[in-house]
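Asks: To convert, take the position in the sequence shown, counting from 1, and add 766; that gives my numbering. Every residue gets a Cβ at the ideal spot worked out from N, C-alpha and C, and that includes glycine.
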Amino acid sequence: VQLQASGGGLVQPGGSLRLSCAASGFIFGINDMGWYRQAPGKQRELVASITSGGSTNYAESVKGRFTISRDNAKRTVYLQMNSLKPEDTAVFYCNAAVLTGSILRNYWGQGTKVTVSS
């Protein structure tokens, strides 16, 4: 199983970016999917998560600005980020709880860097 993240880049404060993360491989199903981020010198933190049924959860710092969604047919999770702030600068990682056969495991994407700067 692989998670391939994309969509990061350099954006000015107040701008927007959309991250994508596609799962591939031997997959029977995918439960929760999410986005985490790790800023320089800080621990990795949850940004947003979404269940297979579409229920969402957000960190307080991104509520009202970020939106997580998923396309189950494409095995892809998205993170729409609006009104970006310099403090959003981090490497963003996607995560998915994947059922392969009878085993449920967490997988991580490779990370995509988001830099918010003027």
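Pick out whichever of VAL882, GLY877, GLN809 and ASN861 has its Cα sitting closest to the Cα of ASN797.
Replies: Taking the sequence shown and counting its residues from 1, the one referred to as residue 797 is at position 31. With distances taken between Cα atoms, ASN797 lies closest to ASN861.
Asks: Can you check whether the CB of LEU785 is closer than 7 Å to the CB of PHE832?
Replies: Residue mapping note: residue 832 aligns to position 66 of the sequence shown, counting from 1. Residue mapping note: residue 785 aligns to position 19 of the sequence shown, counting from 1. Going by C-beta atoms, PHE832 is not nearer than 7 Å to LEU785.
Asks: Confirm, please, whether the CB-CB distance from ILE793 to VAL864 is below 7 Å.
Replies: Locating residue 864 in the sequence shown gives position 98, where the first residue counts as 1. Locating residue 793 in the sequence shown gives position 27, where the first residue counts as 1. For VAL864 and ILE793, yes; Cβs fall inside 7 Å.
Asks: For the beta strand (DSSP E) holding GLY800, just list the boundary residues, first then last.
Replies: In the sequence shown, counting from the first residue as 1, residue 800 sits at position 34. 795-804 is the extent of the beta strand (DSSP E) around GLY800.
Asks: On the premise that ALA814 lies in contact with ALA856, defined as a C-beta separation below 8 Å, what is that separation, rounded to the nearest angstrom?
Replies: Sequence index remark: in the sequence shown, residue 856 carries index 90 (1-based). Sequence index remark: in the sequence shown, residue 814 carries index 48 (1-based). In fact, because the Cβ distance is near 13 Å, the residues do not count as touching under 8 Å.
Asks: Taking VAL721 as the reference, which of GLU853, ARG871 and VAL880 has the closest Cα?
Replies: Residue 721 lies beyond the stretch modelled for the chain, which goes from 767 to 884, so this question has no answer here.
Asks: For SER786, which three-state DSSP category applies?
Replies: By one-based count along the sequence shown, residue 786 stands at place 20. Three-state DSSP puts SER786 in a strand.
Asks: Which partner residues does ARG836 have in the DSSP bridge list?
Replies: Position 70 of the sequence shown, counting from 1, holds the residue named residue 836. VAL843.
Asks: Check each candidate in GLY774, LYS829, GLY830 and GLU826 and name the one with the smallest Cα separation from CYS787.
Replies: Working through the sequence shown from its first residue, we reach residue 787 at position 21. When only C-alpha atoms are compared, the closest one is GLY774.
Asks: Could you have a look at VAL828 and say whether DSSP puts it in helix, strand or coil?
Replies: One-based indexing of the sequence shown puts residue 828 at position 62. The answer is helix: DSSP assigns VAL828 an H, G or I state.
Asks: Whole angstroms is fine: what's the gap from LYS840's alpha carbon to GLY795's?
Replies: Within the sequence shown, residue 840 is the residue found at index 74, counting from 1. Within the sequence shown, residue 795 is the residue found at index 29, counting from 1. If I take the Cα positions, the gap works out to 12 Å.
Asks: What is the residue span of the beta strand (DSSP E) that GLN770 lies within?
Replies: On the sequence shown, position 4 is the one that residue 770 refers to. Per DSSP, GLN770 belongs to the beta strand (DSSP E) from 768-772.
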